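Notes follow once the structure below has been shown.
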Amino acid sequence: MQFKLTAVAAILAATAFAASAQNFPTKPVRIVVPFPPGGGVDIVARVVGPKLAAQYGQQVIVENRSGAAGIIGTEYTARSAPDGYTWAICTLGNLAVNKHLYAKMAVDPLKDLAAVTQVVDVHFVMVAHPSLPAKTVPQLIALAKRLPTGDITYSSSGAGGAPHLGGALFNRLAGVQLTHVPYKGSGPSFADLLGGHVSLTFDSMLQSLPYIRDKKLVALGVLGAKRAAALPDVPTIAEQGVKGYELTNWFGLVVPAATPKDLIARVHGDFTRVLQEKEIREKIAGMGADVVANSPEDFAKFWRNESDKWARVIKEAKITVN
0 MQFKLTAVAA ILAATAFAAS AQNFPTKPVR IVVPFPPGGG VDIVARVVGP KLAAQYGQQV
60 IVENRSGAAG IIGTEYTARS APDGYTWAIC TLGNLAVNKH LYAKMAVDPL KDLAAVTQVV
120 DVHFVMVAHP SLPAKTVPQL IALAKRLPTG DITYSSSGAG GAPHLGGALF NRLAGVQLTH
180 VPYKGSGPSF ADLLGGHVSL TFDSMLQSLP YIRDKKLVAL GVLGAKRAAA LPDVPTIAEQ
240 GVKGYELTNW FGLVVPAATP KDLIARVHGD FTRVLQEKEI REKIAGMGAD VVANSPEDFA
300 KFWRNESDKW ARVIKEAKIT VN
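Under numbering that gives the first Met the number 0, residues 0 to 321 are what the sequence shown spells out, in order.
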């Protein structure tokens with residue numbers, strides 16, 4: 000008798016979840032951004048959000064929950080109800096890197112979050128304040144070796160984020176010692192860079208391109224394996240003599256781990272449909288990123304591989320959060 004009751008309960012639960020996916024959404028949806036307003040993740044969320052709201056006939060609220068290199072927003076999402084109404088757009092840093100840098104994390108992103116889709120690949124660029132005498136990577140290396148150690152500074156969105164990794168790898172492979180100055184998000188990082196309080200940064204083109212085009216910042220080199228379409232005349236850092244240097248950031252859409260698969264499928268379909276719209280793809284490409292929009296399974300596999308890769312890089316490069 001107990002077995003029959005259990006089986007009936009399971010069938011009823013599955014039916015309820017299916018119905019919830021069909022009727023979804025019946026209330027506002029939250030997209031958690033684990034960083035302050037103005038950064039690359041925030042920009043993408045606010046490009047996609049209005050399209051989803053129009054599709055749903057419900058509010059899609061972009062909620063900035065920043066702090067601790069994205070850990071606060073990531074933990075908040077993992078602990079939210081697995082009902083399909085709380086999503087997060089996270090980065091390489093807070094999904095695949097932080098767990099290898101911070102000894103005590105309340106959640107394990109790979110275990111406590113579920114993959115929905117890789118949103119974009121984000122091209123990164125080294126940008127400097129115009130007052131920095133160096134205008135190319137070789138000039139920067141020569142200047143860093145000539146000046147007292149630590150005189151040249153680079154800002155980041157926080158310890159353990161992709162900009163921090165970009166600088167740490169550059170120091171190691173170029174044989175220099177740029178001083179890391181972490182901020183609580185890309186917005187504050189760029190504010191101080193534009194004010195000339197730090198020398199340079201390694202950050203996304205989503206954030207950097209408007210300032211490069213307005214000549215408020217100078218692009219020294221692209222961090223990826225090949226030149227970016229948005230900056231075709233800017234060579235990669237590897238092209239300029241720093242062999243083996245490569246870093247590309249990515250953003251991924253995730254939900255709490257216990258979210259039913261049919262709801263994940265519904266969220267995936269709705270979100271990627273917006274990403275594939277020509278207007279959205281062109282807007283994101285113009286900001287220096289490429290839409291990916293892969294399946295939950297493909298994103299989960301990619302995410303695991305990235306976590307393993309960066310665990311090795313962090314160990315070999317002796318990267319720390321200090």
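Beta carbons: idealized from backbone N, C-alpha and C, even for Gly. Small disclaimer: the values here were computed from a predicted structure and weren't measured.
Is it buried or exposed, residue 117, if we count other Cβ atoms within 10 angstroms and call 16 or more buried? buried
Relative to the alpha-carbon of residue 173, which residue among 142, 158 and 274 has its alpha-carbon at the smallest distance? Of the candidates 142, 158 and 274, 142 places its Cα closest to the Cα of residue 173.
Mapping the DSSP letters down to three states, classify residue 33 as helix, strand or coil. It is coil, neither helix nor strand.
Tell me residue 123's beta-bridge partners as DSSP assigns them. 203
With DSSP run on the structure shown, which of helix, strand or coil describes residue 70? helix
Here's the rule: buried if 16 or more other CB atoms are within 10 angstroms of the residue's CB, otherwise exposed. What is residue 350? There is simply no residue 350 to check, as the chain begins at 0 and stops at 321 in what is shown.
Among residues of its own chain, excluding the 5 on either side of residue 262, which ones have a beta-carbon nearer than 6 angstroms to its beta-carbon? Sequence-distant Cβ neighbours of residue 262 in its own chain, meaning closer than 6 angstroms and more than five residues away, are 20 and 83.
With which residues is residue 251 paired in a DSSP beta bridge? For residue 251, the pairing in a beta bridge is given by DSSP as 89 and 117.
Reference residue 161, options 69, 299, 60 and 274, closest by Cα: Per the Cα distances, 69.
Local conformation of residue 231 per DSSP, three classes: coil
Between the CA atoms of residue 44 and residue 31 - distance to the nearest angstrom: 9 angstroms
DSSP beta-bridge partners of residue 289: 120
Would you kindly check if the distance between the Cβ of residue 136 and the Cβ of residue 239 is under 8 angstroms? Contact flag set, yes.
How is residue 318 classed by DSSP in three states: helix, strand or coil? coil
Just to confirm the assignment: which complete alpha helix (DSSP H) runs, minimum length 4, are found wholly within the region 117 to 200? As far as the region 117 to 200 is concerned, its whole alpha helix (DSSP H) runs of at least 4 residues are 136 to 145, 161 to 173 and 185 to 193.
If we count the other Cβ atoms within 10 Å of its Cβ and call it buried at 16 or more, is residue 184 buried or exposed? buried
Closest to residue 256 by C-alpha separation, out of 28, 87 and 53, would be which residue? Considering only alpha carbons, the answer is 87.
What number of angstroms, rounded off, separates the C-alpha of residue 59 from the C-alpha of residue 100? Per the coordinates, the alpha-carbon of residue 59 lies some 33 angstroms from the alpha-carbon of residue 100.
So, with DSSP's three-state summary, where would you put residue 245? coil
Kindly indicate which three-state DSSP category residue 28 falls into: helix, strand or coil? strand
Within 8 angstroms, strictly: CB atoms of residue 252 and residue 123: Residue 252 is not a Cβ neighbour of residue 123, given a cutoff of 8 angstroms.
Can you tell which of 149, 234 and 203 has its C-alpha closest to the C-alpha of residue 249? Nearest to residue 249 by C-alpha distance, out of 149, 234 and 203, is 203.
DSSP three-state call for residue 60: helix, strand or coil? strand
Sheet register partners of residue 112 (DSSP bridge): 255
Counterpart residues of residue 220 in DSSP-defined beta bridges: 125
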